[in-house]
Amino acid sequence: MTLVWVIYDIVKNKTRSKVVKICKDAGLYRVQKSVFLGDINSNSRDSVILEIESIIDPEADSVYIFPMDKATFEGITLLGQAFDKKYVSDEIITRFF
Amino acid sequence: MDDKNPIINISDVLEYEFCPRFIYFIYCLDIPQHEELRFKVLEGREIHKKVTQVNRNYIRKKIGAQSREFDVFLASQKYHFKGILDEILFLNDGKAAPLEYKFAEYKDNLFRTTKSQLILQSILIEENYGKKVDRSFVCYVRSNHKLVEMDIRQSDVDKVKAEISDILNIIRTGFYPKTKKNINKCTDCCYRNICT
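Each protein sequence line maps, in turn, to chains A and B. Under our numbering, read the first sequence as residues 1 to 97, first letter to last. Under our numbering, read the second sequence as residues 98 to 293, first letter to last.
Here you go:
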């Protein structure tokens with residue numbers, strides 16, 4: 001399992017919605033409007049890359065997929081309306097609101 | 098399926114190698130794994146379709162092929178398994194070889210499941226065509242169609258035959274096998290929610 005960031009800038013609304021769905025289905029969490037983050041295995045990451053690649057327009061859109069190790073993740077500084085680090089790294093399995 | 102005389106698929110042997118419990122869940126409890134929901138599986142199937150349609154007359158002469166057949170369904174009565182072969186190559190030296198297309202990247206070595214798949218395919222060719230098979234090939238679509246050759250060794254053939262009889266035993270008796278207990282495999286397994 002590795003932490004993966006998916007950051008995108010997509011022109012068409014329809015394509016963007018599809019990318020959102022792909023990220024959510026893979027188990028990633030939405031941490032900002034165009035930023036997803038989550039702890040997924042290498043097969044899921046490979047599948048996410050292929051799926052997104054098949055729908056985007058390479059001339060107009062950009063999608064960055066960054067893997068990140070746990071130690072670097074721990075060093076992240078969050079300011080303002082930040083996400084819950086434990087939640088994103090799957091340390092909290094169930095969350096009660 | 099006839100429970101006393103089951104005929105398994107080549108893919109069942111590969112699943113058994115991933116984890117023996119797959120056989121139990123699929124055949125004894127009749128819970129399908131819904132692999133068709135996976136994007137990579139769907140994309141792989143498209144590639145298989147394309148291969149049979151595009152450039153049909155292309156023969157791989159570099160590896161000594163004379164002719165080829167696509168998408169061939171073969172079954173082995175002796176060992177009780179069946180499968181569809183992507184391509185069978187008939188070679189200059191009178192022998193034959195299976196060629197398998199993989200929608201994957203080549204990672205410097207063949208996975209155990211890929212090796213077994215080729216071995217099973219070679220058993221099918223030998224039984225149905227009566228030709229000797231001592232080589233096999235894999236084409237990695239996502240590594241620029243890289244062609245990798247693998248020799249078929251008798252010791253590996255014997256291992257795979259033993260696995261087939263283990264699988265048939267699970268199906269006939271309903272025996273609940275042990276898992277592989279590999280965390281990496283379990284996280285990507287479709288039965289992780291129901292497996293003990």
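Note that beta-carbon positions come from the ideal geometry of N, C-alpha and C, so glycine has one too.
Does the beta carbon of residue i sit closer than 8 Å to a beta carbon anywhere in chain B?
| i | result |
| --- | --- |
| residue 50(A) | yes |
| residue 47(A) | yes |
| residue 99(A) | The requested residue 99(A) is not part of the displayed model; chain A covers only 1 to 97. |
| residue 1(A) | yes |
Measure the C-alpha to C-alpha separation of residue i and residue j and round it to an integer number of angstroms.
| i | j | result |
| --- | --- | --- |
| residue 300(B) | residue 107(B) | The displayed coordinates of chain B run from 98 to 293. Any statement about residue 300(B) would go beyond what the structure contains. |
| residue 99(A) | residue 4(A) | Because chain A is modelled from 1 through 97, residue 99(A) falls outside the range shown and cannot be assessed. |
| residue 69(B) | residue 287(B) | Within the shown structure, residues of chain B are numbered from 98 to 293, placing residue 69(B) beyond reach of any answer. |
| residue 145(B) | residue 164(B) | 19 Å |
| residue 87(A) | residue 31(A) | 11 Å |
| residue 45(A) | residue 37(A) | 11 Å |
| residue 167(B) | residue 279(B) | 36 Å |
| residue 66(A) | residue 15(A) | 20 Å |
| residue 241(B) | residue 220(B) | 28 Å |
| residue 78(A) | residue 84(A) | 9 Å |
| residue 150(B) | residue 127(B) | 34 Å |
| residue 256(B) | residue 216(B) | 10 Å |
| residue 119(B) | residue 34(A) | 38 Å |
| residue 143(B) | residue 102(B) | 33 Å |
| residue 28(A) | residue 238(B) | 28 Å |
| residue 178(B) | residue 218(B) | 10 Å |
| residue 2(A) | residue 70(A) | 8 Å |
| residue 190(B) | residue 159(B) | 13 Å |
| residue 227(B) | residue 243(B) | 29 Å |
| residue 276(B) | residue 105(B) | 20 Å |
| residue 58(A) | residue 13(A) | 15 Å |
| residue 6(A) | residue 43(A) | 15 Å |
| residue 202(B) | residue 91(A) | 31 Å |
To the nearest whole angstrom, what separates the beta carbons of residue i and residue j, a pair I think is in contact under 8 Å?
| i | j | result |
| --- | --- | --- |
| residue 162(B) | residue 188(B) | 6 Å |
| residue 111(B) | residue 214(B) | 6 Å |
| residue 274(B) | residue 124(B) | At roughly 12 Å, the Cβ-Cβ gap does not stay under 8 Å, so residue 274(B) and residue 124(B) are not in contact. |
| residue 200(B) | residue 137(B) | 6 Å |
| residue 172(B) | residue 230(B) | Their Cβ separation, rounded to whole angstroms, is 16 Å, which puts residue 172(B) and residue 230(B) out of contact at 8 Å. |
| residue 176(B) | residue 267(B) | Actually they are not in contact, since the Cβ atoms of residue 176(B) and residue 267(B) sit about 16 Å apart, beyond 8 Å. |
| residue 52(A) | residue 22(A) | 6 Å |
Looking at the secondary structure, which residues open and close the alpha helix (DSSP H) in which residue i lies?
| i | result |
| --- | --- |
| residue 55(A) | 42-55 |
| residue 32(A) | From DSSP, residue 32(A) is part of no alpha helix (DSSP H) but of the beta strand (DSSP E) over 29-32. |
| residue 86(A) | 85-88 |
| residue 62(A) | Counting along the chain, residue 62(A) falls outside any alpha helix (DSSP H), though it belongs to the beta strand (DSSP E) covering 62-68. |
So that I know if they touch, is there some Cβ in chain A lying closer than 8 Å to that of residue i?
| i | result |
| --- | --- |
| residue 205(B) | no |
| residue 270(B) | no |
| residue 301(B) | The structure shown has nothing for residue 301(B), since chain B only spans 98 to 293. |
| residue 253(B) | no |
| residue 166(B) | no |
| residue 140(B) | yes |
| residue 248(B) | no |
| residue 276(B) | no |
| residue 284(B) | yes |
Keeping to the same chain, check which residues put their C-beta closer than 7 Å to that of residue i; ignore five residues upstream and five downstream.
| i | result |
| --- | --- |
| residue 115(B) | 210, 282 |
| residue 258(B) | 176 |
| residue 185(B) | 165, 166, 169, 193, 195, 222 |
| residue 60(A) | 11 |
So, at 8 Å on beta carbons, what are the nonlocal neighbours of residue i in its own chain, with the 5 sequence-adjacent residues on each side left out?
| i | result |
| --- | --- |
| residue 212(B) | 247, 253 |
| residue 133(B) | 139 |
Using a Cβ-Cβ cut-off of 6 Å (strictly less than) and excluding sequence neighbours within five positions of residue i, which residues of its own chain qualify?
| i | result |
| --- | --- |
| residue 9(A) | 62 |
| residue 155(B) | none |
Counting along the chain, where does the beta strand (DSSP E) carrying residue i start and finish?
| i | result |
| --- | --- |
| residue 236(B) | 232-237 |
| residue 260(B) | Note, residue 260(B): premise wrong, no beta strand (DSSP E); alpha helix (DSSP H) at 251-270. |
| residue 184(B) | 178-188 |
| residue 163(B) | 162-173 |
| residue 198(B) | 193-199 |
How about residue i: is its C-beta nearer than 8 Å to some C-beta of chain D?
| i | result |
| --- | --- |
| residue 190(B) | No chain D is present in this structure, whose protein chains are A and B. |
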